[in-house]
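All residue numbers for the sequence shown refer to numbering that gives the first Met the number 0, where the first residue is 0 and numbers rise by one.
Glycine included, each C-beta is placed from N, C-alpha and C at the ideal position.
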Amino acid sequence: MIGKRQLLASAAGLFLAAAIAGPSTAQTYPAGPIKIVVPRAPGGGSDNLTRMLAPALEKKLGVSIIIENRPDATAVLGAELVAKSKPDGYTLYLSDNSFYQNPAVLDSLPYDTIKDFTAVTMLAQGPVLLIVHPSVAAKNLQELLALAKKSKLTFAHGGIGASTHLVGVMLNLKAGVDITHVPFKSSGPALNALLGGHVTMQFGGINSSKPLVEQGKVRAIAVTGDRRDPAMPEVPTFQESGVTGADVMSVWGVHAPAGTPIAVRRTLRDAISAVMREPEMTAKLAERGYHVNANTPEEHQAQTEAIVAQWLEVGKKVNLKE
């Protein structure tokens, strides 16, 4: 029979082993491949950003980066997978606009965006460009809004709750107009509707919209953000154009399952920051309309909570679900 003293000694040994194992795990992280779950199909903006960073991250961390695409219309499946994963830093989520907006857009989620995730960093932000068909008799935002008050204007977007839908909602709210939204199943058909002159306008990323502007297929009216974008410095901001509060920016972040140690998250963030701030990488990202951020886990946790709260508040004023 095992005596009381022996039991106490065994318990003490187990406690000591656990205490040693915890810090050493964080100190030796990463010790194996890291999987990043991307909620979009290969070739999309979120996927492209992840694939731009992955090779440099592999060199920096000394382990393989595995990109797993889990696309679906609402970007819920990939997030649910990560929320239920082990919080050890080896399964991460590439968070894009839907992650922050879904609590306000969807009736229910199989996870809690705040409680079931913890932030690693905000990778970047990207301005949203307002473009119109060349036939539209408006050369700037004020002319477009004046037109909207006396005519029926429309904007195409890639689905209810998509960022290109919600920017339009914010413009209507802040500018006091009622531009009718026309939903499509994805951004591709929405863009085709604009190019064909079937809708008045659309909101899109600079990377995808700039070539169309240069080819004269669309006209750029205004861009979100607190400053003009270096990739298209000739385009004024919404604020310059007289509309404040509609500066919705696209957001890309990295989140981990709740409970992932802060030491692990800081290791990840430091590596990501170093990679993104290399001059060649920064220039490459800027060309594509990405504004590098790479802030701390604590800072992006606060940002995540603020962005989610912002959209929930907007959802109280306007219906984001139809």
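In terms of CA proximity to Gln124, Gln302 leads the group Ile35, Gln302, Leu172, Ile130.
Annotated as proximal: Ile130 and Gly203, with beta-carbon spacing under 8 Å. Here DSSP, grouped into helix, strand and coil, assigns Leu129 to strand.
Distance from Ile178 to Gly167 at the Cβ level is roughly 6 Å; contact confirmed, criterion being Cβ atoms closer than 8 Å. Burial of Asp46 is indicated by the presence of at least 16 other C-beta atoms within 10 angstroms of its C-beta.
Two segments are said to touch when three or more pairs of C-beta atoms, one from each, lie closer than 8 Å; by this definition the region 34 to 50 touches the region 81 to 95. At the C-beta level, Gly252 and Thr120 come within 8 Å of one another. Distance from the CA of Phe154 to the CA of Leu193, rounded to the nearest whole angstrom, comes to 8 Å. Taking every protein chain shown into account, the CB of Glu213 has fewer than 16 other CB atoms within 10 angstroms, so this residue is exposed.
By the C-beta criterion, the region 171 to 188 is judged to be in contact with the region 145 to 160, since at least 3 inter-stretch pairs fall below 8 Å.
Within the same chain, Cβ atoms closer than 6 Å to the Cβ of Pro109 are found at Glu79, the five residues on either side in sequence being excluded.
Beta-bridge partners assigned by DSSP to Val274: none are found.
Within the same chain, and ignoring the five residues on either side of His254 in sequence, the residues whose Cβ sits closer than 8 Å to its Cβ are Val81, Leu91, Tyr92, Ser94, Phe98, Phe116, Thr117, Ala118, Val119, Thr303. Selection Asn206, Thr281, Pro296 evaluated against Ala257 yields Pro296 as nearest (Cα-Cα). Note on Ser186: 16 or more other CB atoms within 10 angstroms of its CB, so buried under the neighbour-count rule. Looking at Thr199, Glu286, Ser84, Arg265, the one whose alpha-carbon comes closest to that of Met231 is Glu286. Rounded to the nearest angstrom, the gap between the Cα atoms of Asn139 and Gly88 is 47 Å.
Looking at Ala219, Lys184, Glu239, Ile220, the one whose alpha-carbon comes closest to that of Arg226 is Glu239. Taken atom to atom, the span from the alpha-carbon of His299 to that of Pro235 is near 28 Å. Sequence-distant Cβ neighbours of Leu76 in its own chain, meaning closer than 6 Å and more than five residues away, are Arg69.
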